[in-house]
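Okay, so the sequence shown: first residue is 1 according to UniProt numbering, each after it adds one. Worksheet: the structure to be examined is printed underneath.
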Amino acid sequence: MSAPVTSPAPAATASTRPLTQLLHAWQQGDRQAFEHLLKLVYRELERMALGRLRGAETPSLAAGDLLHEALLRVSQQTPDWNDREHFFANVSLAMRSVLVDHARARQADKRGGEWQRVTYTFTAHGEDALVADLLTLDALLTELQALDPRAASVLQFTYFAGLEREELATVIGVSVPTVDRELRFARAWLAERLGRRDLAV
């Protein structure tokens with residue numbers, strides 16, 4: 001008795017390829033890979049944008065606009081990211097850049113008068129909320145970058161990208177204990193600069 005005839009399995013489409021594979025294809029110059037990548041993770045990116053605006057006192061920037069501008073900036077970068085965590089971390093940092101530019105533009109429009117603050121709430125890892133004016137926070141992170149670049153990177157990726165310790169260690173290329181040590185220092189430094197010594201733990 002002959003074996004039953006079976007139809008060949010359908011070839012995997014670009015939209016079903018793993019994100020890491022799409023990242024590698026993009027690195028090799030496949031621009032369509034970036035479009036397929038976005039389709040794969042767009043809903044997650046939308047949730048990320050909504051989360052970034054949740055701390056705004058008066059959200060004058062729509063989540064969709066924030067996401068689209070961040071993705072435009074990411075698409076213009078050299079795609080040298082290794083995996084999903086690295087990609088999401090950089091999209092999140094691009095959102096931070098958009099928010100900072102937006103806050104600066106609003107401040108300039110107000111010509112030094114009362115302006116609508118854009119705030120960011122620190123809620124990672126269950127600690128008490130730490131709300132800081134975004135422009136002040138950006139200036140402090142820039143200052144920390146000059147003082148200790150790795151500590152600044154750990155702080156940014158922890159709070160702005162929401163990476164877990166293991167993911168962060170992979171992205172930065174250090175051990176988990178190093179991440180913990182740098183994060184303790186960065187949090188203590190930032191808390192003191194913001195006058196919140198109770199959070200320097």
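Every residue gets a Cβ at the ideal spot worked out from N, C-alpha and C, and that includes glycine. These figures come from a predicted structure and were not determined experimentally.
Secondary structure at GLY64: helix, using DSSP grouped into helix, strand and coil. Counting other Cβ atoms within 10 Å of its Cβ, ALA89 reaches 16 or more and is therefore classed as buried. A straight-line Cα-Cα distance of about 11 Å links LEU67 and GLU44.
By the beta-carbon neighbour count (other beta carbons within 10 angstroms, threshold 16), GLU192 is exposed.
Of the other Cβ atoms in all chains shown, 16 or more fall within 10 Å of the Cβ of THR158; this residue is therefore buried. Membership of GLY51 in the alpha helix (DSSP H) is indicated by the continuous run 31-53.
The Cβ atoms of HIS102 and LEU72 do not sit closer than 7 Å to each other. Beyond the five residues adjoining it in sequence on each side, GLU182 comes within less than 6 Å, by CB distance, of ARG150, ALA151, VAL154 in the same chain, given in chain order.
Rounded to the nearest angstrom, the Cβ distance from SER97 to ALA161 is 13 Å, too far for a contact under 8 Å.
For the 7 Å CB-CB criterion, LEU134 and LEU190 do not form a contact.
Residue range 134-147 is occupied by the alpha helix (DSSP H) that includes GLN145.
Here the alpha carbons of LEU140 and GLU35 stand approximately 35 Å from one another. Around the beta carbon of LEU147, fewer than 16 other beta carbons sit within 10 angstroms, so the residue counts as exposed. Distance from the CA atom of THR178 to the CA atom of MET95, rounded to whole angstroms, is 26 Å. In this structure, DSSP gives THR78 a state outside helix and strand, which the three-state scheme calls coil.
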